[in-house]
Amino acid sequence: MTLAGRLAGAAVCILLSACSQPWGADQQSKEQLVRADQPIEIQLDADQPANSVGTIVVNGISNRFEVGYGKNGIACEGTRFEEGWTPLGRFRVNAVLTADRFEMDPALIRLSGRTVEALKKDLFSNMNSIDFNGDGEAGEYGDGYISLAPVPTTDQPFSFNEYDGTFRWYSFAIHGTNNEKKIGKRVTGGCINVNNMSLSMILSAVQIGDEVIIRSNGPCSS
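Below, the structure is given as structure tokens:
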């Protein structure tokens with residue numbers, strides 16, 4: 005059976021104490037069969053973006069996937085978050101959003117100023133409806149959005165706010181795409197993008213609190 009088949013057929017569960025459990029985790033199955041064994045690692049190629057790859061180890065099996073990154077290039081670890089730049093460093097997953105999955109760090113929910121029900125209902129659909137490039141195309145995040153917070157904390161100019169009168173949220177993330185030709189290129193607003201098949205694999209294993217490490221083989225901007 006293929007990895008995708010094993011992932012699709014496996015139940016997912018995480019046993020955490022009530023005080024630390026992210027909202028949405030209790031929606032998972034009672035038996036955790038699929039889980040990333042170690043931090044997700046992403047290696048950016050500063051000279052040849054098409055050679056940029058990510059690796060996720062699931063149940064002892066290492067799986068590679070293509071990635072794209074920021075249109076302006078690569079920012080050094082701990083320096084800044086800025087439109088078009090992909091930061092290097094260590095990150096922690098603090099939200100997982102799809103059309104049918106909502107998990108978020110409780111502290112982030114409080115920061116939003118919204119109820120869980122309101123966020124679950126339309127946050128991802130609102131975010132994914134933005135036409136970032138003004139070309140009439142929405143769905144920039146594809147099938148899902150995995151939010152990443154830097155470890156240690158670095159100031160991020162991203163926040164929950166209103167855009168065209170609609171409540172939305174901006175942060176650094178791994179997400180899908182509405183055009184798979186964008187993968188392996190420097191085209192994003194700073195996030196890591198992957199094709200939707202790879203995203204499905206990652207989503208099957210990732211949980212709140214998992215770590216992601218982003219490195220580069222070339223120079224970064226400070």
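Just so we're aligned, residue 5 is where the sequence shown starts under this note's numbering, counting upward by one.
Backbone N, C-alpha and C define an ideal beta-carbon position, used for all residues, glycine too.
A quick note: this is a predicted structure, and the numbers were derived from the prediction, not measured.
query                                                                                                                                          : result
Does the beta-carbon of G107 have 16 or more other beta-carbons within 10 angstroms, so that it is buried, or is it exposed?                   : Reading off the sequence, residue 107 comes out as Glu, not Gly. Looking at its Cβ environment, which holds 16 or more other Cβ atoms inside 10 Å, E107 is buried.
From A1 to P43, what does the alpha carbon distance come to, in whole angstroms?                                                               : Outside the displayed range of the chain (5 to 226) lies residue 1, so it cannot be described from this structure.
Check this for me: beta carbons of G58 and K75, under 8 Å apart or not?                                                                        : no
So, does the stretch 61-68 touch the stretch 158-174, judging by three or more C-beta pairs under 8 Å?                                         : no
In terms of residues, what are the limits of the alpha helix (DSSP H) holding L92?                                                             : First-last for L92: undefined, no H or E at that position.
Helix, strand or coil: which one does DSSP assign to S56?                                                                                      : coil
What does the Cβ neighbour count give for A111, buried or exposed, with the cut at 16 atoms within 10 Å?                                       : exposed
Closest to G180 by C-alpha separation, out of C195, E166, R190, would be which residue?                                                        : C195
With H, G and I counted as helix, E and B as strand and the rest as coil, what does DSSP make of S208?                                         : helix
Should R190 go down as buried or exposed, given a rule of 16 or more other Cβ atoms within 10 Å for buried?                                    : buried
At the level of alpha carbons, what is the spacing between A79 and V155?                                                                       : 15 Å
If you drop the 5 nearest sequence neighbours on each side, which residues of the same chain put their C-beta closer than 6 Å to that of L207? : G148
Assign E144 to one of three DSSP states: helix, strand, or coil.                                                                               : coil
In the DSSP assignment, find the unbroken alpha helix (DSSP H) run with E70 in it and report its ends.                                         : Segment 65-70 is the beta strand (DSSP E) holding E70; no alpha helix (DSSP H) there.
What does DSSP give as the partner residue(s) for S151 in the beta ladder?                                                                     : A99, A177
In the DSSP assignment, find the beta strand (DSSP E) that holds F164 and state where it starts and stops.                                     : 164-167
What are the boundary residues of the alpha helix (DSSP H) that includes I113?                                                                 : 110-116
According to DSSP, is V198 helix, strand or coil?                                                                                              : coil
What number of angstroms, rounded off, separates the C-alpha of G193 from the C-alpha of T90?                                                  : 8 Å
Quick check: what's the CA-CA separation for G140 versus I217?                                                                                 : 33 Å
Go ahead and pull the three-state DSSP assignment for A50.                                                                                     : coil
Compare the C-beta of D109 against all C-beta atoms of chain B and say whether one is closer than 8 Å.                                         : Of the chains in the structure shown, none is chain B; there is only one protein chain.
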